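A.B. asks: Following this message is one structure expressed as structure tokens.
Protein chains: 2
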Amino acid sequence: MAETSGDTLAAPLFNRLCLIGIGLIGSSLAHVARQKKLARTIVAVDADPGVRKRVAELGLADEITETAERGVEGADLVILCVPVGAIGEVARSIAPHLAEGAILSDVGSVKCSVVADVAADLPAHVHFIPAHPVAGTEYSGPDAGFAALFRHRWCILTPLPDADPKAVAKLEAFWVGTGANVEVMTPAHHDLVLAITSHVPHLIAYNIVGTAAHLEEVTQSEVMKFSAGGFRDFTRIASSDPTMWRDVFLNNKEAVLEMLGRFTEDLTALQRMIRYGDGDGLFDLFTRTRAIRRGIIAQGQETAAPDFGRPHENGDSK
Amino acid sequence: MAETSGDTLAAPLFNRLCLIGIGLIGSSLAHVARQKKLARTIVAVDADPGVRKRVAELGLADEITETAERGVEGADLVILCVPVGAIGEVARSIAPHLAEGAILSDVGSVKCSVVADVAADLPAHVHFIPAHPVAGTEYSGPDAGFAALFRHRWCILTPLPDADPKAVAKLEAFWVGTGANVEVMTPAHHDLVLAITSHVPHLIAYNIVGTAAHLEEVTQSEVMKFSAGGFRDFTRIASSDPTMWRDVFLNNKEAVLEMLGRFTEDLTALQRMIRYGDGDGLFDLFTRTRAIRRGIIAQGQETAAPDFGRPHENGDSK
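Chains as they are written, first to last, in this note's numbering: chain A, 285 to 602; chain B, 285 to 602.
This is the structure in structure tokens:
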């Protein structure tokens with residue numbers, strides 16, 4: 285039986301939703317907006333003809349267009365789903381075409397630089413409310429999206445001090461409609477939190493995969509064969525979209541360098557423990573780190589299934 | 285229908301299998317040895333009365349005993365499944381009790397130190413063949429084991445130069461019987477390969493979880509909430525058994541410090557790219573790291589399911 289709720293009987297939250305950039309997040313938003321009737325009409329904008337073709341084949345949108353200027357016309361919600369480095373340019377090009385009272389938002393993993401790139405150029409009649417759904421997989425493109433991507437995940441809104449509370453509440457209702465939990469914080473705090481929970485983890489994952497790829501003493505074939513010892517988990521993260529992540533690091537430089545500094549300081553201490561055989565120090569750290577995982581599982585941000593429920597019984601990847 | 289093969293009709297490979305230490309690996313070996321009829325009798329040894337009780341309740345073994353000296357009597361295959369730091373002491377205590385022609389092996393994640401701790405004290409009539417199944421989950425204890433743990437995984441044998449080829453072949457047949465692939469290499473090469481594919485990945489996972497736990501600007505609650513951005517994958521690894529991992533780092537010091545040095549060198553270069561805004565350098569690295577993951581999936585060491593197939597549709601951890 286289909287899931288029903290009061291919402292589906294009422295009018296959709298938005299009349300015309302324009303999604304600019306149909307990758308993993310854009311296509312997932314299209315899926316869930318349709319499934320949960322969050323918008324009457326869904327307009328998909330993508331500069332790539334191959335992507336537009338797939339959007340049409342997958343039936344993701346009611347209207348598909350190449351030009352963002354045209355796509356945003358009459359839209360009461362516009363969400364920029366392009367890489368962080370491209371947001372400023374797109375925002376400038378659509379600014380004169382945004383409707384009176386429209387909400388403009390984004391899904392970028394960095395917020396201070398997005399605010400700096402977007403806010404100044406907008407007309408006063410537009411509500412700009414930056415957002416970041418903390419959800420994703422290692423896949424990208426219009427085929428990677430699915431309606432449940434945001435379910436039980438957090439979406440962070442970082443409205444500016446002068447934001448209209450009604451517009452913020454409406455965007456919050458949209459994200460709640462996708463199944464996400466919503467939290468509000470400042471752009472600067474967002475960037476610091478994400479530096480430690482997402483950006484530095486990605487950086488060290490990319491880094492160790494790079495290190496492993498360039499050893500002379502250990503072959504790449506050996507690295508792959510014996511990756512089940514821990515390494516393979518890092519390769520998943522290190523196969524995320526290169527453009528997106530280049531832009532993240534270029535645009536959240538200060539917070540990433542700050543958190544990376546802490547990481548390196550702690551790693552140096554750990555290295556000394558190993559060098560000098562401080563077994564108690566190692567044991568203490570390895571015990572303390574377990575508590576954080578228990579908290580993550582308790583909060584529903586992870587499954588407790590061992591080994592991420594990789595399908596052992598049926599033989600992996602068969 | 286039960287899986288059948290030619291093997292099940294023949295006599296078991298071993299008459300009496302003695303497993304010393306019934307944690308994740310020991311209990312998984314008990315499961316698979318019974319399921320695949322790899323030994324006529326399974327003897328479980330564990331010093332912990334609570335563990336012995338669970339082994340009895342789970343029906344994991346034909347005989348259960350506290351004392352390794354008694355457990356090994358008459359066994360033609362003895363596998364030490366205790367943490368690396370305890371292997372030497374157990375080996376010394378059982379050495380006088382090992383049967384003529386018995387194979388003594390282990391499952392430790394480090395091999396040079398195991399060879400150093402064990403080989404000297406053994407009687408000449410025992411075949412000592414160190415082994416390391418590269419398989420595991422983040423759980424430990426007798427309840428964590430399951431028969432399919434080793435399936436499609438690699439087990440590395442590191443026989444000494446004077447090892448009896450027939451004994452090596454027989455141990456290899458045992459591991460193939462568990463569903464594993466077998467590779468043979470020297471202990472020193474093993475320790476180097478595992479330092480990069482397993483030990484350093486665990487170290488940096490423990491380290492970043494430790495760093496995140498001690499920030500003043502970002503609360504632990506925030507770290508947990510927004511962990512889906514990458515951090516949670518590290519917490520899985522960082523919740524592995526502290527005793528086992530303390531012993532790994534204390535016993536594979538040189539190879540770990542060597543590989544950690546490479547990792548840090550590469551991370552410093554990456555840090556400079558971020559500081560000086562070298563977008564092309566970042567993009568190049570982030571693109572190259574994808575190839576290794578494709579290789580791991582192609583080799584069946586990982587599933588290609590996005591996000592490790594976390595159960596989005598039903599709501600995580602429900």
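Note that the Cβ used here is the ideal one computed from N, Cα and C, for glycine as well. Values in this document were obtained by computation on a predicted structure and should not be read as measured data.
(1) Can you check which of these residues, A:Asn491, A:Phe533, A:Ala323 and A:Leu303, is closest to A:Ala294 by C-alpha distance?
(2) Whole angstroms are fine: how far does the CA of A:Gly561 sit from the CA of A:Val362?
(3) Using 8 angstroms as the limit for Cβ to Cβ distance, is A:Thr288 near chain B?
(4) Answer yes or no: does any C-beta atom of chain B fall closer than 8 angstroms to that of A:Ile306?
(5) Looking at the secondary structure, which residues open and close the beta strand (DSSP E) in which A:Leu229 lies?
(6) Closer than 9 angstroms by beta-carbon distance: list the chain B residues that pair up with A:Asp550, in chain order.
(7) By DSSP, does B:Cys365 sit in helix, in strand, or in coil?
(8) Got a sec, what are the start and stop residues for the alpha helix (DSSP H) A:Phe567 sits in?
(9) Within a Cβ cutoff of 6 angstroms, which residues of the same chain sit near B:Ile309, ignoring the five residues on either side of it in sequence?
(10) Which residue's Cα is closest to the Cα of B:Gln319: B:Ser524, B:Phe567 and B:Thr462?
(11) Does DSSP put A:Leu313 in a helix, a strand or coil?
(12) Taking just the CA atoms, how far does A:Asn535 sit from A:Gly369?
(13) Where do the N-terminal and C-terminal ends of the alpha helix (DSSP H) with B:Glu341 fall, by residue?
(14) Where does A:Ala383 fall in DSSP's three states?
(15) Which value, in whole angstroms, describes the spacing of the CA atoms of B:His474 and A:Val507?
(16) DSSP on B:Glu542, reduced to helix/strand/coil?
(17) Beta-carbon within less than 6 angstroms of B:Asp531's beta-carbon, same chain only, minus the 5 sequence neighbours each way: which residues are those?
(18) Does DSSP put A:Thr519 in a helix, in a strand, or in coil?
(19) When burial is assigned at 16 or more other CB atoms within 10 Å of the CB, is B:Ser482 buried or exposed?
(20) So does the stretch 556 to 576 of chain B actually touch the stretch 514 to 527 of chain B, counting three or more Cβ pairs closer than 8 angstroms?
(21) Just reading off the alpha helix (DSSP H) that B:Glu353 is part of, what are its end residues?
(22) Is the stretch 489 to 500 of chain A touching the stretch 333 to 350 of chain A in the sense that three or more CB pairs, one from each, lie closer than 8 angstroms?
(23) Between A:Ser511 and A:Ala403, what straight-line distance do the alpha-carbon atoms span, to the nearest angstrom?
(24) Look at the alpha carbon of A:Glu542 and the alpha carbon of B:Glu542, and state the distance between them as a whole number of angstroms.
(25) Give, in chain order, every residue of the stretch 298 to 329 of chain A whose Cβ lies closer than 7 angstroms to some Cβ of chain B.
(26) Name the DSSP bridge partner or partners of B:Cys302?
(27) Using a Cβ cut-off of 8 angstroms, which residues of the stretch 407 to 433 of chain B contact any Cβ in chain A, in chain order?
(28) Opposite B:Phe458 in the DSSP bridges: which residues?
(29) Does DSSP classify A:Ala464 as helix, strand or coil?
(30) Give every residue of the same chain whose Cβ lies closer than 8 angstroms to the Cβ of A:Glu422, excluding the five residues on either side of it in the sequence, and list them in chain order.
(31) Measuring only the C-alpha atoms, how far is B:Asp330 from B:Pro590?
(32) Looking only at C-alpha atoms, which of A:Thr495, A:Val484 and A:Glu586 sits nearest to A:Ala539?
(33) Taking any Cβ of chain A, which residues in the stretch 512 to 523 of chain B have a Cβ under 8 angstroms from it, in chain order?
(34) What residues are listed by DSSP as bridge partners for A:Val374?
(35) Kindly indicate if chain B contains any beta-carbon less than 8 angstroms away from that of A:Ser389.
(36) What does a CB cutoff of less than 7 angstroms around A:Gly584 pick up in its chain, not counting 5 residues either side in sequence?
C.D. replies: Here's the rundown:
(1) Translated into positions along the first sequence, residue 294 of chain A becomes position 10. Among A:Asn491, A:Phe533, A:Ala323 and A:Leu303, the Cα nearest to that of A:Ala294 belongs to A:Ala323.
(2) Mapped onto the first sequence, residue 362 of chain A falls at position 78. Mapped onto the first sequence, residue 561 of chain A falls at position 277. Their Cα atoms are separated by approximately 57 angstroms.
(3) Against the first sequence, residue 288 of chain A aligns to sequence position 4. Reliability fails at A:Thr288, whose pLDDT of 44 lies under 50, so the model's placement of it is uncertain and no value is given.
(4) Position 22 of the first sequence, counted from the first residue, corresponds to residue 306 of chain A. Chain B contact via Cβ: absent.
(5) Past the edges of chain A, shown from 285 to 602, lies residue 229 of chain A, and the structure says nothing about it.
(6) Taking the first residue of the first sequence as 1, we reach residue 550 of chain A at position 266. Residues of chain B with a Cβ closer than 9 angstroms to the Cβ of A:Asp550 are, in chain order, Asn491, Ile492, Gly494, Thr495 and His498.
(7) One-based indexing of the second sequence puts residue 365 of chain B at position 81. The answer is coil: DSSP assigns B:Cys365 none of H, G, I, E or B.
(8) As a first step, residue 567 of chain A is located in the first sequence; it is residue number 283 there, counting from the start. Start and end: Gly563 to Ala582.
(9) In the second sequence, the residue the question calls residue 309 of chain B occupies position 25. The answer, listed in chain order, is Cys365 and Val391.
(10) Indexing the second sequence from 1 puts residue 319 of chain B at position 35. The residue with the shortest Cα to Cα distance from B:Gln319 is B:Thr462.
(11) Counting from 1 along the first sequence, the entry for residue 313 of chain A is found at position 29. Reduced to three states, the DSSP call for A:Leu313 is helix.
(12) Here residue 369 of chain A corresponds to residue number 85 of the first sequence, with the count starting at 1. Here residue 535 of chain A corresponds to residue number 251 of the first sequence, with the count starting at 1. Whole-angstrom Cα-Cα distance: 7 angstroms.
(13) Here the question's residue 341 of chain B lines up with position 57 in the second sequence. Looking at the DSSP string, the run of the alpha helix (DSSP H) that includes B:Glu341 is Pro333 to Leu342.
(14) By 1-based counting over the first sequence, the position of residue 383 of chain A is 99. DSSP places A:Ala383 in coil when its eight states are reduced to three.
(15) Within the second sequence, the letter at position 190 stands for residue 474 of chain B. Within the first sequence, the letter at position 223 stands for residue 507 of chain A. Roughly 11 angstroms between the two C-alpha positions.
(16) For this step, residue 542 of chain B is matched to residue 258 along the second sequence. Note: B:Glu542 maps to helix in three-state DSSP.
(17) Within the second sequence, residue 531 of chain B is the residue found at index 247, counting from 1. Same-chain partners within the cutoff: Pro367, Val368 and Gly369.
(18) Position 235 of the first sequence, counted from the start, is the residue given in the question as residue 519 of chain A. A:Thr519: helix per DSSP, three-state reduction.
(19) Residue numbering aside, residue 482 of chain B sits at position 198 when the second sequence is read from its first letter. Classification of B:Ser482: buried, given that the 10 Å Cβ count is 16 or more.
(20) no
(21) Here residue 353 of chain B corresponds to residue number 69 of the second sequence, with the count starting at 1. First-last of the alpha helix (DSSP H) with B:Glu353: Ala352 to Gly355.
(22) no
(23) Within the first sequence, the letter at position 227 stands for residue 511 of chain A. Within the first sequence, the letter at position 119 stands for residue 403 of chain A. So the two alpha carbons sit approximately 45 angstroms from each other.
(24) Counted from its first residue, the first sequence places residue 542 of chain A at position 258. Counted from its first residue, the second sequence places residue 542 of chain B at position 258. Distance between the alpha carbons of A:Glu542 and B:Glu542: 26 angstroms.
(25) none
(26) As a position in the second sequence, residue 302 of chain B is number 18, starting the count at 1. According to DSSP, B:Cys302 shares a beta bridge with B:Val327 and B:Val362.
(27) Val418, Ala419, Gly420, Thr421, Glu422, Tyr423, Ala428, Phe430, Ala432 and Leu433
(28) The sequence position of residue 458 of chain B within the second sequence is 174, counting from 1. Secondary-structure assignment with DSSP links B:Phe458 through no beta bridge to anything.
(29) Reading the first sequence from its first residue, position 180 is the one you call residue 464 of chain A. If DSSP states are grouped into helix, strand and coil, A:Ala464 belongs with coil.
(30) In the first sequence, residue 422 of chain A corresponds to position 138, counting from 1. Contacts found: Arg520, Ile521, Ser523 and Ser524.
(31) As a working note, residue 330 of chain B is residue 46 in the second sequence. As a working note, residue 590 of chain B is residue 306 in the second sequence. Distance from the CA of B:Asp330 to the CA of B:Pro590, rounded to the nearest whole angstrom, comes to 39 angstroms.
(32) In the first sequence, residue 539 of chain A corresponds to position 255, counting from 1. The shortest Cα separation from A:Ala539 among A:Thr495, A:Val484 and A:Glu586 belongs to A:Val484.
(33) For the stretch 512 to 523 of chain B, the residues whose beta carbon sits under 8 angstroms from a beta carbon of chain A are, in order, Ala512, Gly513, Gly514, Phe515, Arg516, Asp517, Phe518, Thr519, Arg520, Ile521, Ala522 and Ser523.
(34) Here the question's residue 374 of chain A lines up with position 90 in the first sequence. BP columns for A:Val374 are empty, so no partner.
(35) Reading the first sequence from its first residue, position 105 is the one you call residue 389 of chain A. Output row for A:Ser389: interface = no.
(36) Taking the first sequence and counting its residues from 1, one reaches residue 584 of chain A at position 300. If we look at A:Gly584 and ignore the five residues flanking it on each side, its Cβ neighbours are His436.
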